[in-house]
Structures are given as structure tokens and as C-alpha cells.
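Just below is one structure, and these are the notes that go with it.
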Amino acid sequence: MSCKFVVGSGPALDWAMGAWREAAPELELVPLAMTSIADAAEVEALLAGRELAGATAFVTFDALHLNFARLERMGAFRMHGLRMPPLVCRGAIVSDSAKIAENSYVGPGAIVGQGCKVGYNSVIGAGARIGHGSSIGNSCWIEDGVVVGRAVRIGAHVTLGGGVVVANDIEIGKLCVVDKPGRVDADIAAKTFIQSSHANPMVIVGD
Amino acid sequence: MHTRIPPQAYIDQEWFERERDLLFKPLWQFIAPTTLLDKPNAFVTRTLFGMPIVVQNMKGELRAFENVCPHRQNPIQLQPHGVRPLFCGYHGWSFGQDGAPVNIPFEDTIYRFTPQEKECLHLRRFALEVVGKLVFINLSSQPLPIEEQFGADYLAYLASASEAFDSEVIMTTYDARFNWKLVYENLRDANHARYVHSRTLYQETRFQPVINEDNLALLRRMERAGDITERGQALAILRSFSTGGRDAPLEQAPVNSWHPLVERFRDRDGEHHDEYYNWLPFPNMHIASANGGYSFTIEHHIPVSPGRTEMIVYYMTAKKKRPYAASAAVLHATMMGADKVLREDIDVMEDIQRTLHPAACHASLGEYESENAIIHHWYMNLMEGKFVL
């Protein structure tokens, strides 16, 4: 039986274990509870003495630090040569022509249309809809129920919060947060943060 | 002691307009950090007392103009910042370094301006000074030397501190519902932190109010001497309002995963200090470093009306040693953290503003607030026309 390490903390780990149990009952699931974000020594300790050959892993974490926290965890396990197939939950509808990269997750009831590309380490929440021909960058977080139109281009490390609807043919640059319910009708430049907590966007200028 | 400033100063439109003419128009005002202006054709726009301003990088030189096309009064730049030539989208006019139009499409065939008419088509230009990485402008046609407002030593300190700023900056604007003066008063009140910021900032830095005996003696002398009437004396007192540097020790040495990735600010003694830094350029600017020089906040408090202030907040780390992937996440997370403290201040100042009415009592200041009392004394003399800047 193939072994999968499921890595996470608290309720998120419990959730990931349950989701994998439903999606791939044939797998032997091994929960690895982490306390740090991606401390190399902790990762070493968690994997010590375990058989890694043929094993796979899945790392879960929230959208903290523009999804860099989850990426760091993913990187820490990827460095041990573990493959990280995506998790497509039961009830998700993913077109045969769509591509879902490593350590990504498509929640129950989500729809990923024809020709879509979802980068690695990205989350497509339960019931979210990704219109055909759209691309979601690496390490994105698309919250439950978000609607992404057709031919939308979303850059890496983008978070779309609950209630967001992205119109067709829109481009959202990398490192953005849109966490204010409503319709996105115009392109959003990279490093723009539109959040309910702030009346005006936060933007990053320069590099 | 009672403040000399009446409640009308915080709520009255006519008073606000006199402030514009007597205080803000003669004084240098911060406009933006140079980071927003370092590319060719980079620009920022701001509205200062109803006057639309554009600062534009023109072939490497920064120029400040009224952001209004002389043809049909259309704003030339529409966004708060960006990179775009000084070009009016209404009828295609473009402007050169001195603010004169360099291209008026179909000028000879449909406009037929006389040479005299064309002479009047310049954009109105304003004085501009760059202090380290900070850009200031002056709306007066005869601006006072910037050193007379801040003092040469203070400007040198601001310049050296701002040189520590990184070139990647996060910014946002808060539309606050209070008079701009409440901010400078609040920033010069070290006693509010333990109450207003008891669960946030005060946990990290225990600001302590102290009675400054020198300030108190100066205040008593000013009160005995009566009104300030001499401009030189008024400017000397004005220079004392802009203070800055190490303010209070941090409870714990700052530790964050990104700190090793930046060049921590060294103070004028060449050393790092685990202290909270505050720079308060008068009248409406605040620079702080809450972690001993690993990062900086700039607040620019722009008066909009007697009861409204636009607070533009910039946050940047100290200079990165090299680019790192998560720098945007650092800026975003820290801005969200700083938001809590800022909202605590905004909430209390909006509460104060709501209590003010024409017959409201004057505020009562304690001796630890002598700095504010001195500013109030000076400010009232200015507003009463005892001296002009």
C-alpha cells in the first residue's frame, strides 16, 4: 500500500486527513503534525526513520503571509524528494483538459473548467468555479464559493476571499489580496490589497 | 493650564481657510517618499487644501506643478501615483520640464494662440526640495528656505534616517473624521499610549510621560513676554516643534525572521538601538520605527476640511541586503499589524472631534504637555495675525 504523509496543524490536519481518506481510500495515510511553519529540524524529526521511497506527501496550511507559509512547508518536504500529487476532493468536477499541479487542492463541489491551469500549492475552495481557459498561479488561495470567470489570469500568491466574483478576461497580478465581497471588473495590478478592513486599497510600489 | 486654542479651530470652515493661508501655504509640506518618483515619468498627485498637485519625474528631476491643464482645467494626471508622461488626455497637450506645453496637437490650425497667449499657458510651478528620500513642496510664490522651517541639523538627521528606507513601500489612505491638529497633539502626548494602546503598542514600548522643565520654563517665559510678533523669533520657535530620534526603549529586543535580510538603521552615533524612534516634522508628518530601525512608517496627515483629515500611511523595511521572495508578505503583514494601533488612535480622535462645538470648553493641559502648550501659544499668535511666516 502506498504511503502518504499528510502534513498540517490542528483542525486543518484533521480536515486534510478526512479529505484524503475520502478521495483515495487505498492510501495508507500518516498524519504529521507540525508546530513550526517550516523548521528544517522539525521536518527532519518528523520524517526520521520513515520509509520515503515511493511515499508521497500533502501539505496543508492557511493563506498566512500571502501563502508563503504554506509554500515554505511544501518546500521543506519537497526537498526530501517526496512527490506531492494534488488533492481533488470527492464531488469536485475537474475537466480532463485542466491541469492541477503538485500539492494543490480542489474542494468538494468546485468546478475547474476546460483548459484551466492551476499552479502548484494552490487551493480552490469548496464550491468555487473556475471558468474555462483560466489560469491560477502557484500558491494561490481561492476561498470557498468564489467565482472566477472565463480566460482569467491570476498571478502567483493571490488570495481571493469569500464573495469575490472575477469577471471574464480579467488579469490579477501576483501577490494580491482581494478580500472584499463584490465583482472584480477591471484588471488589478500586482501587489494590490483590497480588503474589507480598509476603505482604500493598500498597494506596494517599488521593489 | 487651559489651551489657548478655541473649539472653533477644530470645526470652523473660515478658521480652516485662514490656517491654509497663514500656516500651510507658507510652510514646506511633505508630499511623498522618493521611492514613488524614482523612475522617468513617475508621478504622484495630492490635493492640498483643494489645490491639485502633481510631482513628476522629468528626465530625472522632480518638479511640482498644479495638476491642471491650462487649456480646459482638466487634471493632467488622474491616478494617485504611477508612471506616465505629463500629458493631458483631454486634448493631447504635453508639457516639458518648465511646465510649458511642448506639444499642442493642431496648434497652428485650430488654436492659433498669439505669442502673448502662449506665454500664459505654463503650468503653475511650486518649489520643491528633496531631503534624503523625502520630497517636500511649498505652495508659496516666495517660499522660505526649508532650513528656516526645520533647521539644518534636523534636516540632516531626517535625510540620514530616510536613507535607510528600502525602495519597496506599501501605502494606503485612511479617511479620518477629525481635525488635523488632533494628530500632532496626540503624537506629542506620551501619556495616551498606556490607555489607548494598552493591548498593542504599549505592550512593546512603555512610553512614559515626562515633564520637560526646559519646555515648561520656555512656556512661562513666552506667557510673560506676551505675544510673538517678530518673524525671526517665530521661526526659531517653529524649528523647535520638529523633533525626533530615539523616544522610548523597547520591552524586548526586536526579533523577526526577516530582520537579518535588511540593513538595520544605525543612529547618528553609528550604533543600533533597541528603541522606538519617533520623528515629528511639524506640522503634519510623522515618521516612526517601532522596532529599533528595522522598518519605518511615514504618516502624512493632509487636512481636507475642519473635520476631515486624509492620512496617507507608508510602510517600508530598512534597505534589503538583497531581494527576497516574501518581501511583499512582510510589508503586508506589518501594515496589517500597524493598522490596529493606527485605528486605536483614529477612534479616539474621532471621538474627540464629535464632542466639539462652538461653545465647548477649551482643553486643559497638564505640565507634561508643555510642548503642545508652546505650539498652541505660537499657533494662536499666528492665527491672530501677530506675526506672519
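Heads up: the sequence lines are chains A and B, in that order.
Letter 6 of the first sequence, counting from 1, is numbered 539 in the numbering used here, and no numbers are missing.
Letter 54 of the second sequence, counting from 1, is numbered 63 in the numbering used here, and no numbers are missing.
Idealized CB from N, CA, C, for every residue including glycine.
Restricting to Cα atoms, I'd like to know which of the options is closest to residue i.
i: P315 of chain B; options: B:R186, B:I20, B:A165; result: B:I20
i: R81 of chain B; options: B:H282, B:W102, B:L87; result: B:W102
i: P641 of chain A; options: A:L562, A:S630, A:G660; result: A:G660
i: I737 of chain A; options: A:D702, A:L708, A:A719; result: A:L708
i: F760 of chain A; options: A:K632, A:A549, A:S668; result: For residue 760 of chain A there is no data in the structure shown, the boundaries of chain A being 534 and 740.
i: V111 of chain B; options: B:P124, B:F96, B:G59; result: B:F96
i: G614 of chain A; options: A:V697, A:H598, A:L585, A:V699; result: A:L585
i: K142 of chain B; options: B:A226, B:A327, B:L340; result: B:A327
i: F104 of chain B; options: B:Y120, B:L137, B:H341, B:R133; result: B:R133
i: A165 of chain B; options: B:L228, B:V140, B:Y183, B:V264; result: B:V140
i: N221 of chain B; options: B:M294, B:A199, B:R240, B:Y211; result: B:A199
i: L36 of chain B; options: B:I361, B:T364, B:H11, B:A136; result: B:A136
i: T692 of chain A; options: A:K650, A:F601, A:A631, A:I633; result: A:F601
i: E635 of chain A; options: A:G551, A:A556, A:S667, A:N654; result: A:N654
i: I675 of chain A; options: A:D595, A:D629, A:P618; result: A:D595
i: G696 of chain A; options: A:G678, A:E575, A:S637; result: A:G678
i: R352 of chain B; options: B:I155, B:F159, B:A185; result: B:A185
Which chain A residues sit within Cβ distance under 8 angstroms of residue i?
i: D348 of chain B; result: S730, H731
i: E335 of chain B; result: It is Ala, not Glu, that sits at residue 335 of chain B in the sequence shown. Within 8 angstroms Cβ-Cβ: H598, L599, F601.
So, is the C-beta of residue i closer than 8 angstroms to a C-beta in chain A?
i: M67 of chain B; result: no
i: H90 of chain B; result: yes
i: H341 of chain B; result: yes
i: P332 of chain B; result: yes
List, in chain order, every chain A residue whose beta-carbon is nearer than 7 angstroms to that of residue i.
i: T399 of chain B; result: Summary: the structure shown does not reach residue 399 of chain B, with chain B confined to residues 10 through 398, and so no result is reported for it.
i: M344 of chain B; result: M735
Spatial neighbours of residue i within its chain, please: C-beta separation below 7 angstroms, excluding the five flanking residues on both sides.
i: A723 of chain A; result: G688, G706, K707, L708, C709
i: K395 of chain B; result: D236, I237, T238
Going by beta carbon distance, what residues of the same chain come within less than 6 angstroms of residue i, once the five residues before and after it are set aside?
i: H131 of chain B; result: G108, A109
i: T725 of chain A; result: C709, P734, V736
i: K537 of chain A; result: L560, L562, T589
i: V192 of chain B; result: H310
i: A631 of chain A; result: V645, C649
i: G682 of chain A; result: G664, V699, A700, N701
i: G541 of chain A; result: A549, T593
i: P114 of chain B; result: G101
At 9 angstroms on the CB atoms, spell out the chain A contacts of residue i, in chain order.
i: A338 of chain B; result: L597, H598, L599, N600, F601, A602, H690, L708
Between which residues of its own chain and residue i is the CB-CB distance below 8 angstroms, once the five residues before and five after are set aside?
i: N76 of chain B; result: T54, P61, I62, V63, P84, I85, Q86
i: H281 of chain B; result: R273, F274, R275, G301, G302
Using only the heavy atoms of the ligand PLP, determine whether one of them is closer than 7 angstroms to the beta carbon of residue i.
i: F145 of chain B; result: Ligands are entirely absent from the displayed structure, and the ligand PLP is therefore not among its contents.
TODO: Could you please tell me which residues of the region 170 to 193 of chain B, in chain order, have their CB closer than 9 angstroms to any CB of chain A?
DONE: Within the region 170 to 193 of chain B, the qualifying residues are D175, S176, E177, V178, I179, M180, T181, T182, Y183, D184.
Task: Within 8 angstroms of chain B by C-beta, residues of the region 699 to 733 of chain A in sequence order - done: Taking 8 angstroms as the Cβ-Cβ cut-off against chain B, the residues of the region 699 to 733 of chain A that qualify are L708, V710, K724, F726, S730, H731, A732, N733.
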